[in-house]
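Protein chains in written order, with this note's numbering: chain A, 7 to 241; chain B, 7 to 241.
Structure record follows, encoded as structure tokens.
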DNA sequence: CCTGACGCAATTGTATACAATAATCTCTCA
DNA sequence: TGAGAGATTATTGTATACAATTGCGTCAGG
């Protein structure tokens, strides 16, 4: 992370995810270079990486812009993700070890702890969630699957709203993880796949509902919508 | 394609696919730059692209090598591809238009023509095959799916052996395409998905059989193995 | 008022020099 | 002889200058 191109990557990515650089804005290499305190060379590097993650789009004439995500795009990404993570769960069920199962239990225990208090610790929740899903991917043992999913999990529209939260929804996510653990313990690939797919698709619909609620009225960000968005971020 | 980085990309890619740069060989930027007649800058660009396509792998210290594909890796890639292309076929079935259907028929007609003669035109076959699958992807209408599949279709081990051929196997591939067209004409997504998945998985097993035959004895490249490899390349 | 061509400004592409880092070699000492 | 420290070489990372391309505004002609 000490290389200039890594710093540029992290900085630009943050600016996009935080909304400082909203969708559609042009990303000039020189301007970014100045902002990041490096030269254009590492910025170009960073832009290529972000382009592969689809956070940045390029025109046919090589100009870069912050990618715009339509609701259809989000749907598309979730559909793919539901399929790929479902597949990962199926693979993992057939290769699950006692150690990995313990890791999963530990990650979900961390989640339980994060949501137990009155004011849930969303950061800890997301971290536990990340660990949980990463552990499954690792057991699945497909390098390609990891690479392909990496491009799908980073959704600006998600992260920008990820710090809202709703206790009930977070608890449901924990509970689905518990069910996944049960499926893994029984090495039931079909079951694990079904749970995982539905886990992801439910998240999509929670997002879509929140999106509708939010776009209906500008100030209509009520509790229900916030909760839904939180579920989304939490998978 | 006139930009230097594009020329470098094409040149390096060719050297890998043709076997001139065998798996495991280190790819020094300077050496490649000289070989391609450009400076290191566009070579770096090209290497990043090839890395994303998994034709090139990098160590933790940023040195590039031609990627090595184990049989397990190939299996992994085919499994994913069977799933993703099957999904694409399902989507496409629900959105198929008369125009696109005509395109598919035309592409498969080109394939029929390529394999009709005594000495099949493998180049024309592969091109028709590419058109066929690309048309399906286009109808499926998922940008992400296109991007993800792109990383899976280029397999060095496949292309290096793609110029072997076996008439019977090529004809079977054509025939499966015809069946896909029938499924699309009836807008039967489940059918189309099943055919496509089996289409890809059969290709994998043809490849695996050929691989075993070839590694059993160095000079054991008999007709059956050649035919199998050809099917593989043809999806 | 519209259209298109022209030229200037902005942006990206490439080459090159130099800095930083990793790999390799060698020599010494145990 | 083997291991490790240090020097040497090879390789990659970064900055900068310049070339090529694209975008955009302006102005002339209809």
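Beta carbons are placed, not taken as given, at the ideal position from N, Cα and C, and that holds for glycine.
Output the boundary residues of the alpha helix (DSSP H) element that contains residue i.
i              : result
residue 101(A) : 77-101
residue 48(A)  : 46-58
residue 173(A) : 173-191
residue 112(B) : 104-122
residue 134(A) : 128-146
residue 12(A)  : 10-24
residue 151(A) : 149-159
Since residue i sits in a beta bridge, which residues does DSSP pair it with?
i             : result
residue 71(B) : 32(B), 63(B)
Return the Cβ separation of residue i and residue j in integer angstroms, given the expectation that the two are a contact with Cβ distance under 8 Å.
i              : j              : result
residue 131(A) : residue 115(A) : Contact doesn't hold; Cβ gap of about 12 Å is too wide.
residue 71(A)  : residue 30(A)  : 6 Å
residue 19(A)  : residue 61(A)  : 7 Å
residue 99(A)  : residue 198(A) : 4 Å
residue 107(A) : residue 187(A) : 7 Å
residue 87(A)  : residue 206(A) : 6 Å
residue 56(A)  : residue 49(A)  : Going by Cβ atoms, the distance from residue 56(A) to residue 49(A) rounds to 10 Å, so no, they are not a contact pair.
residue 63(A)  : residue 151(A) : Not confirmed; about 24 Å, so no contact.
residue 212(B) : residue 201(B) : With 8 Å as the limit, residue 212(B) and residue 201(B) do not qualify as a contact, their Cβ atoms being about 16 Å apart.
residue 36(B)  : residue 46(B)  : 6 Å
residue 140(B) : residue 180(B) : So it is not a contact: roughly 17 Å between Cβ atoms.
residue 81(A)  : residue 210(A) : 7 Å
Using the Cβ count rule (16 or more neighbours within 10 Å means buried), how would you classify residue i?
i              : result
residue 154(B) : buried
residue 74(B)  : exposed
residue 43(B)  : exposed
residue 28(B)  : exposed
residue 192(B) : exposed
residue 77(B)  : exposed
residue 148(A) : buried
residue 83(A)  : buried
residue 224(B) : Reliability of the predicted coordinates at residue 224(B) is poor, the pLDDT of 48 falling under 50, and no value is obtained from them.
residue 26(B)  : exposed
residue 6(B)   : There is simply no residue 6(B) to check, as chain B begins at 7 and stops at 241 in what is shown.
residue 195(A) : buried
residue 85(B)  : buried
residue 69(B)  : exposed
residue 182(A) : buried
residue 92(A)  : buried
residue 1(B)   : Residue 1(B) is absent from the structure shown; chain B starts at 7 and stops at 241.
residue 24(A)  : exposed
residue 96(B)  : buried
residue 16(A)  : exposed
residue 51(A)  : buried
residue 65(A)  : exposed
Do the stretch 140-155 of chain A and the stretch 131-142 of chain B make contact, defined as three or more Cβ pairs closer than 8 Å?
Between the stretch 140-155 of chain A and the stretch 131-142 of chain B there are fewer than three inter-stretch CB-CB distances shorter than 8 Å, so the stretches are not counted as touching.
contact_flag[the stretch 101-117 of chain B, the stretch 152-161 of chain B] where n(CB pairs < 8 Å) is 3 or more:
Pairwise C-beta distances place the stretch 101-117 of chain B out of contact with the stretch 152-161 of chain B, as fewer than three of them are shorter than 8 Å.
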